[in-house]
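Chain order of the listed sequences is D and W. The numbers in my numbering rise by one with no breaks, and the one at position 14 of the first sequence is 102. The numbers in my numbering rise by one with no breaks, and the one at position 13 of the second sequence is 101. Every residue, glycine too, gets a C-beta built ideally from N, C-alpha and C. This one's a predicted model, so the numbers in the text were calculated from it and none came from an experiment. Just below is one structure, and these are the notes that go with it.
Protein chains: 2
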Amino acid sequence: MQCVDSSQLLKGVLDVAVLAVLHERDSYGYDVVRRLREAGLEDVGDASVYGTLRRLFRAGSLTSYVVASDEGPHRKYYGLNSVGRAQLAASATTWTAFAATMNDLLKEVHA
Amino acid sequence: MQCVDSSQLLKGVLDVAVLAVLHERDSYGYDVVRRLREAGLEDVGDASVYGTLRRLFRAGSLTSYVVASDEGPHRKYYGLNSVGRAQLAASATTWTAFAATMNDLLKEVHA
DNA sequence: GCCGCTAGTGCGCATTGCACAGTACCGTGC
DNA sequence: GCACGGTACTGTGCAATGCGCACTAGCGGC
């Protein structure tokens with residue numbers, strides 16, 4: 089019944105978004121969520137991000153190391169490896185092409 | 089295991105794409121598939137489009153009428169009603185904002 | 001001690017795109 | 001007449017993925 093809500097838009101794009109954030113610098117789940125929200129993806133669920141990180145790690149696109157913190161529980165940092173960087177590049181290209189196609193389709197709507 | 093494939097990108101966007109195509113003019117399933125493919129969405133599955141049309145119709149965003157054809161089976165035409173037009177407008181806006189956010193995120197990747 | 005923030009895990013659900021099979025109409029070629 | 005390919009739609013079941021929710025746990029402030 090709902091119009092396109094971002095939760096559906098995120099499908100298949102959250103991977104790229106997460107990879108993009110990690111491309112900037114290594115990070116841990118809680119922080120990735122914060123950065124994505126700051127970037128404008130305000131309603132990403134935390135569970136989605138944690139899930140995505142685990143999935144990408146399992147797929148071999150990310151490295152992982154645990155760092156203790158003074159201000160709370162340990163942090164599980166993730167970082168891109170070569171596979172992840174390649175995946176990010178490929179996905180970014182795919183996304184750009186796809187977005188262009190969609191903009192084309194919607195162009196006439198605004199007319 | 090796969091990089092962002094269009095099937096996941098389509099999630100939540102096929103609705104808008106279909107609405108956009110119908111905005112141009114009334115159409116039937118088989119034709120919508122053809123037009124989407126011509127527009128650049130080359131690997132949309134036909135079942136997805138038929139499913140989307142049925143879903144949108146059930147949701148009250150589309151009108152439907154059957155037209156006989158000389159060159160094959162009857163055609164079930166769909167068209168936008170006011171609900172559908174509103175949904176298209178809203179979804180298009182959401183998409184545009186979302187795409188802008190994503191482009192922003194990916195901007196640094198290309199650097 | 002309790003609360004709230006930080007940080008992570010696991011479970012189960014809903015949505016949705018798709019493959020696949022099946023039905024059926026039509027014209028062409030044999 | 002019949003097989004075949006293109007047109008056109010339906011239904012079933014699957015897989016991917018984002019999310020809500022519950023839970024664990026460390027930390028500091030009241």
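Determine the contact status of residue i and residue j, defining contact as a CB-CB distance below 8 Å.
i	j	result
D/V101	W/A180	no
W/V163	W/Y116	The question names Val, but residue 163 of chain W in the sequence shown is Arg. Taking 8 Å as the Cβ cut-off, W/R163 and W/Y116 qualify as a contacting pair.
W/S149	W/V121	no
D/V132	D/R142	no
W/A174	D/A187	no
W/R182	D/L129	For the record, residue 182 of chain W in the displayed sequence is Thr; it is not Arg. No, they are not a contact pair.
Under 8 Å Cβ-Cβ, which residues of chain D neighbour residue i?
i	result
W/D192	A127 and G128
W/S145	The amino acid at residue 145 of chain W is misidentified as Ser; the sequence shows Phe. The premise fails here: W/F145 is roughly 13 Å from chain D at the closest Cβ pair, so nothing lies under 8 Å.
Just the Cα atoms here: how many angstroms apart are residue i and residue j?
i	j	result
W/L110	W/Y166	7 Å
W/C91	D/K99	Unreliable positioning characterises W/C91 in this predicted model, as indicated by a pLDDT of 44, which lies under 50. The coordinate reading is nonetheless provided below. Each residue's alpha carbon lies about 13 Å from the other.
D/V104	D/A127	13 Å
W/T184	W/G160	39 Å
D/L107	W/R113	39 Å
D/M89	W/A177	In this prediction, D/M89 scores a pLDDT of 39, lower than 50, which makes its location untrustworthy; the coordinate-derived value is nonetheless stated afterwards. Computed Cα separation, rounded: 15 Å.
D/Y97	D/S157	Looking at the sequence shown, residue 97 of chain D is not Tyr but Leu. Their backbone Cα atoms lie some 34 Å apart in a straight line.
W/S152	D/L144	43 Å
W/A137	D/L193	Note that residue 137 of chain W corresponds to Val in the displayed sequence, not to Ala. If you take the alpha carbons of W/V137 and D/L193, they lie about 16 Å apart.
D/N169	D/T140	16 Å
D/N191	D/R123	26 Å
W/A135	D/V155	48 Å
D/K195	D/Y118	37 Å
Using the beta-carbon of each residue, which ones in chain D are nearer than 7 Å to residue i?
i	result
W/E112	E196
W/A135	None at all; the shortest Cβ gap to chain D is about 18 Å.
W/K99	Q96, K99 and G100
W/G189	The sequence given here places Thr at residue 189 of chain W; Gly does not occur at that position. The answer, in chain order, is A127, G128 and L129.
Considering residue i, what are the terminal residues of the beta strand (DSSP E) in which it resides?
i	result
D/V132	It is not in any beta strand (DSSP E) - D/V132 carries neither H nor E in the DSSP assignment.
D/Y167	Per the sequence presented here, residue 167 of chain D reads as Gly, with Tyr not at that position. D/G167 -> beta strand (DSSP E) spans R163 to L168.
D/V154	L150 to V155
Taking the alpha helix (DSSP H) that residue i belongs to, which residues open and close that run?
i	result
D/V104	L102 to E112
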